[in-house]
Amino acid sequence: CTEYGILYPQDSETRQRVSLDGIWNFVQANTTKPLDGYSEHWYTKSLKDLNVNVQLMPVPASYNDITTDWTLRDHVGIVWYERYFHVPKTWSDVGRIWLRFGSVSYAAQVWINGVEVVSHQIGHLPFLVEISNYIYFGKENRITVSCDNTLLEDTIPQGKVHVLNSGRLAQTYTFDFFNYAGIDRSVFIYTTPFVYIDDISVTVESVEDSKAVLGYDVVYFNDDLRNITCQVDLIDKQGIHVCSGDCGKGKAQLTIDNPNLWWPYLMDKNPGYLYTFEVKLLDQNEEVVDIYRLPVGIRILSWTDKSFMINGKQLYLHGFGRHEDSDIRGKGLDLPLIIRDHNLIRWVGANTYRTSHYPYAEEIMDLADSLGIMIIDECPGVNIEGYSDNLLINHKKSLTELIKRDKNRPSVIMWSAANEPRTQYPAAKSYFEEVIKHIKTLDTSRPTTIVEAQRYTATDASFFVDIVSFNRYNGWYSNAGNLDEIASSVIEEATNWHNRFQKLVIHQEYGGDTLEGLHFLPTFIWSEEYQVQLMSQHFKAYDQLRKEGFFIGEFIWNFADFKTAQDYTRVGGNKKGIFTRNRQPKASAHFLRKRYWALAERL
Ligand code: GCB
Numbered sequence: 031c032t033e034y035g036i037l038y039p040q041d042s043e044t045r046q047r048v049s050l051d052g053i054w055n056f057v058q059a060n061t062t063k064p065l066d067g068y069s070e071h072w073y074t075k076s077l078k079d080l081n082v083n084v085q086l087m088p089v090p091a092s093y094n095d096i097t098t099d100w101t102l103r104d105h106v107g108i109v110w111y112e113r114y115f116h117v118p119k120t121w122s123d124v125g126r127i128w129l130r131f132g133s134v135s136y137a138a139q140v141w142i143n144g145v146e147v148v149s150h151q152i153g154h155l156p157f158l159v160e161i162s163n164y165i166y167f168g169k170e171n172r173i174t175v176s177c178d179n180t181l182l183e184d185t186i187p188q189g190k191v192h193v194l195n196s197g198r199l200a201q202t203y204t205f206d207f208f209n210y211a212g213i214d215r216s217v218f219i220y221t222t223p224f225v226y227i228d229d230i231s232v233t234v235e236s237v238e239d240s241k242a243v244l245g246y247d248v249v250y251f252n253d254d255l256r257n258i259t260c261q262v263d264l265i266d267k268q269g270i271h272v273c274s275g276d277c278g279k280g281k282a283q284l285t286i287d288n289p290n291l292w293w294p295y296l297m298d299k300n301p302g303y304l305y306t307f308e309v310k311l312l313d314q315n316e317e318v319v320d321i322y323r324l325p326v327g328i329r330i331l332s333w334t335d336k337s338f339m340i341n342g343k344q345l346y347l348h349g350f351g352r353h354e355d356s357d358i359r360g361k362g363l364d365l366p367l368i369i370r371d372h373n374l375i376r377w378v379g380a381n382t383y384r385t386s387h388y389p390y391a392e393e394i395m396d397l398a399d400s401l402g403i404m405i406i407d408e409c410p411g412v413n414i415e416g417y418s419d420n421l422l423i424n425h426k427k428s429l430t431e432l433i434k435r436d437k438n439r440p441s442v443i444m445w446s447a448a449n450e451p452r453t454q455y456p457a458a459k460s461y462f463e464e465v466i467k468h469i470k471t472l473d474t475s476r477p478t479t480i481v482e483a484q485r486y487t488a489t490d491a492s493f494f495v496d497i498v499s500f501n502r503y504n505g506w507y508s509n510a511g512n513l514d515e516i517a518s519s520v521i522e523e524a525t526n527w528h529n530r531f532q533k534l535v536i537h538q539e540y541g542g543d544t545l546e547g548l549h550f551l552p553t554f555i556w557s558e559e560y561q562v563q564l565m566s567q568h569f570k571a572y573d574q575l576r577k578e579g580f581f582i583g584e585f586i587w588n589f590a591d592f593k594t595a596q597d598y599t600r601v602g603g604n605k606k607g608i609f610t611r612n613r614q615p616k617a618s619a620h621f622l623r624k625r626y627w628a629l630a631e632r633l
């Protein structure tokens, strides 16, 4: 399915969508024969007609925390999902019918009425397929999905599977967040006409002297060889037409006078200004054959080794690393949660976050676009090690799919190729040279980064990126309890990263676990007081570093507490959040709020 564009399904005059979200049938299978479901061809019949335990499972959601059964929470291997649906009769002659998953973690295989239609690997990324030829009209359809959460040495991310003495499989991985799995984002079926808009790319070529130039490229399919013209119209927030152009014949441009620029939150009274980029296919009679409306923001990024600018204005990034994570639904898309999160992000005064450590749901990215929150967009390459050709292929694939999905988003200001890869090994150098080169073949309008955990002397990977990022937990993993060592260590390390690589530098992760309600005077680790003190020592360092110009960002780890694998270093999960897992503030959230709002006033 990688040959297709991956535009989000949309209702319009020419398109209709039906959600397949809801309660599905679900079976936990064995990973090998018998009862893995493949050898028994479970996709050819209803799961309910099999002699297996069929459970109810919500979609979207991770399946792990829905039941009371720890063997499902810790399951390794295959599970099966199934549901039935009807298609409106009117769809029999509208054109094409598509099936699109926002993501299935980790690998999926999909059947419609017993016929395999698509398979996909790598979680957190959408995939689609045309299913027109497999759909019944006037009778029920069955969709069956097998989902495999196994992580191996060449999957992105990597993991290892062990056989325990009991014969049960156990998955291990080196990252700490819980390996949630399942159909964790929305599923749609939708229509397009036969002749349809497949992909749209919009870039901002220049913004100067009250003029902006947009570059664009529209790909459409016209296999019935009708005489089609393609037209784009830019429409502002008030619905006023701004300008038009032709499309479908390769790259073209639009010039906009006095554009309303897209500004980040707190840099303008109206952050996140979005135009509508309306693409139309018209037949000889000027009738609309297909129409797609893409929100676009006009903003341009530029950078040197001393500054990072948006629309010519200096940026200082202040925010968090986050996770898609919450009680019960795991990494499942949850609209109340994502709105609450973005209310909290604005309450704290953050202007940026990193989608640590994988691409977030498109509905989340839409919020960032429209609220003016900047995003460091990370692919699922977390803790990469054991560099192999297959791993590189999968890593590049994850970036291709991520960039295809997010290329038009004004909120995305940087691509993160990896978090904490083991860059101390010699093979890492050529591997990451390739990875960064690959990103540059897909997009040169945004800077790249690799979030490093090695010492600046131990890695060469950051020579290939535009912006150097490092994670360091002073006062926690190093020098726990020694608050007075923090400021000087941070200043020294950030300066050394800059001196070695001659690039902009961001401190992407710092922090300490904090149990809500635990208090100690004088301050002691794990208490709310300690988290605040640890932050204030970092702020001293950042205020000093900012004077140097090269230091452009501070990110506390983490926005909220999150679930981890079972481990004696984690009491009920990772507690480095400034918010609890159910999104209430710790003392640190109030403290961070003072700083972030003050930073915004200084910009
Ligand atoms: C890190 C990782 C992050 C962990 C964090 C921690 O360096 O990048 O994924 O959650 O440390 O709290 O250990």
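31 is the number of the first residue of the sequence shown in the UniProt record's numbering; add one for each residue after it. By construction, the Cβ of each residue, glycine as well, lies at the ideal position given by its N, Cα and C atoms. A quick note: this is a predicted structure, and the numbers were derived from the prediction, not measured.
Between the stretch 440-451 and the stretch 208-224, do three or more beta carbon pairs fall short of 8 Å?
-> no
Mind checking Thr44: buried by the 16 CB within 10 Å criterion, or exposed?
-> Along the sequence shown, one-based indexing puts residue 44 at 14. A residue is called buried once 16 or more other Cβ atoms fall within 10 Å of its Cβ, and Thr44 is buried on that count.
Just to confirm, are Ile36 and Pro156 a CB contact at a threshold of 8 Å?
-> One-based indexing of the sequence shown puts residue 36 at position 6. One-based indexing of the sequence shown puts residue 156 at position 126. Yes, these two residues count as a Cβ contact at 8 Å.
Is Ile403 helix, strand or coil when you go by DSSP?
-> The sequence position of residue 403 within the sequence shown is 373, counting from 1. Looking at Ile403 - three-state DSSP - the assignment turns out to be coil, as it is neither helix nor strand.
Exposure label - Arg435; buried when at least 16 CB within 10 Å = Counting from 1 along the sequence shown, the entry for residue 435 is found at position 405. With 16 or more other Cβ atoms within 10 Å, it is buried.
Among Phe205, Val319, Ser162 and Thr285, the one whose alpha carbon lies nearest that of Arg256 = Position 226 of the sequence shown holds residue 256. The candidate whose alpha carbon is nearest that of Arg256 is Val319.
Kindly identify the DSSP beta-bridge partner or partners of Pro39.
-> Numbered from 1 along the sequence shown, position 9 holds the residue referred to as residue 39. For Pro39, which the question treats as bridged, DSSP gives no partner whatsoever.
Among residues of its own chain, excluding the 5 on either side of Ser133, which ones have a beta-carbon nearer than 7 Å to its beta-carbon?
-> Here residue 133 refers to the residue found at position 103 when the sequence shown is read from its first residue. Answer for Ser133: Gly153, His154, Leu155, Pro156, Asp214 and Arg215, listed in chain order.
What are the start and end residues of the beta strand (DSSP E) that includes Tyr305?
-> Position 275 of the sequence shown holds residue 305. Taken as a continuous stretch (DSSP letters only), the beta strand (DSSP E) holding Tyr305 covers Tyr305 to Leu312.
How about His353 and Asn588: do their beta carbons lie closer than 8 Å?
-> Here residue 353 is taken as the residue at index 323 of the sequence shown, counted from 1. Here residue 588 is taken as the residue at index 558 of the sequence shown, counted from 1. By the CB criterion at 8 Å, His353 and Asn588 fall inside the cutoff.
Quick one: what does DSSP say Arg576 is sitting in, helix, strand or coil?
-> Against the sequence shown, residue 576 aligns to sequence position 546. Arg576: helix per DSSP, three-state reduction.
Of all the options Gln268, Leu296 and Gln40, which has the alpha carbon lying nearest to the alpha carbon of Asn290?
-> The residue you call residue 290 lines up with position 260 of the sequence shown. Taking only the C-alpha atoms, the option nearest Asn290 is Gln268.
Looking only at C-alpha atoms, which of Ser337, Tyr461 and Ser386 sits nearest to Ile423?
-> Locating residue 423 in the sequence shown gives position 393, where the first residue counts as 1. The candidate whose alpha carbon is nearest that of Ile423 is Tyr461.
Distance, Cα to Cα, Phe224 vs Asp253?
-> Residue mapping note: residue 224 aligns to position 194 of the sequence shown, counting from 1. Residue mapping note: residue 253 aligns to position 223 of the sequence shown, counting from 1. Our two residues, Phe224 and Asp253, have alpha carbons roughly 8 Å apart in a direct line.
Cα separation between Ala282 and His271?
-> Position 252 of the sequence shown holds residue 282. Position 241 of the sequence shown holds residue 271. Each residue's Cα considered, the two are about 19 Å apart.
Near the ligand MG: Asp178 beta-carbon under 7 Å from a heavy atom | Among the ligands present in this structure, namely the ligand GCB, the ligand MG is not found.
DSSP three-state call for Pro156: helix, strand or coil?
-> By 1-based counting over the sequence shown, the position of residue 156 is 126. Here Pro156 sits in coil by DSSP.
Reducing DSSP to helix, strand and coil, say where Trp506 ends up.
-> Here residue 506 is taken as the residue at index 476 of the sequence shown, counted from 1. Correct three-state label for Trp506: coil.
What's the C-alpha gap between Asn83 and Trp627?
-> Position 53 of the sequence shown, counting from 1, holds the residue named residue 83. Position 597 of the sequence shown, counting from 1, holds the residue named residue 627. Cα to Cα, the separation comes out at about 53 Å.
With which residues is Pro88 paired in a DSSP beta bridge?
-> Numbered from 1 along the sequence shown, position 58 holds the residue referred to as residue 88. In the DSSP output, where bridge partners are listed per residue, Pro88 has Ile53.
Report yes if the C-beta of His387 is less than 7 Å from at least one heavy atom of the ligand GCB; otherwise report no.
-> Translated into the one-based positions of the sequence shown, residue 387 becomes position 357. Answer for His387: yes, Cβ within range of the ligand GCB.
Per DSSP, what kind of secondary structure is Met297 in: helix, strand or coil?
-> Counting from 1 along the sequence shown, the entry for residue 297 is found at position 267. Coil.
In three-state DSSP terms, what is Val378?
-> Along the sequence shown, read from residue 1 onward, the residue named residue 378 stands at position 348. Helix at Val378.
So does Glu450 have its beta carbon nearer than 7 Å to some heavy atom of the ligand GCB?
-> Residue 450 sits at position 420 when you count from the first residue of the sequence shown. Yes, the beta carbon of Glu450 sits closer than 7 Å to at least one heavy atom of the ligand GCB.
Leu324 versus Gly197: straight-line alpha-carbon distance, rounded | Sequence index remark: in the sequence shown, residue 324 carries index 294 (1-based). Sequence index remark: in the sequence shown, residue 197 carries index 167 (1-based). Taking the straight line from one Cα to the other gives about 51 Å.
Given a cut-off of 8 Å, decide if Pro410 and Tyr383 are closer than it, judged by their beta-carbon atoms.
-> As a first step, residue 383 is located in the sequence shown; it is residue number 353 there, counting from the start. As a first step, residue 410 is located in the sequence shown; it is residue number 380 there, counting from the start. No. Outside cutoff.
Which residue's Cα is closest to the Cα of residue 636: Pro615, Glu523 and Ser69?
-> Any property of residue 636 remains undetermined from this structure, which presents the chain solely from 31 to 633.
Less than 7 Å between the CB of Lys606 and some heavy atom of the ligand GCB, yes or no?
-> The residue labelled residue 606 in the question sits at position 576 within the sequence shown. Result yes, Cβ under 7 Å from the ligand GCB.
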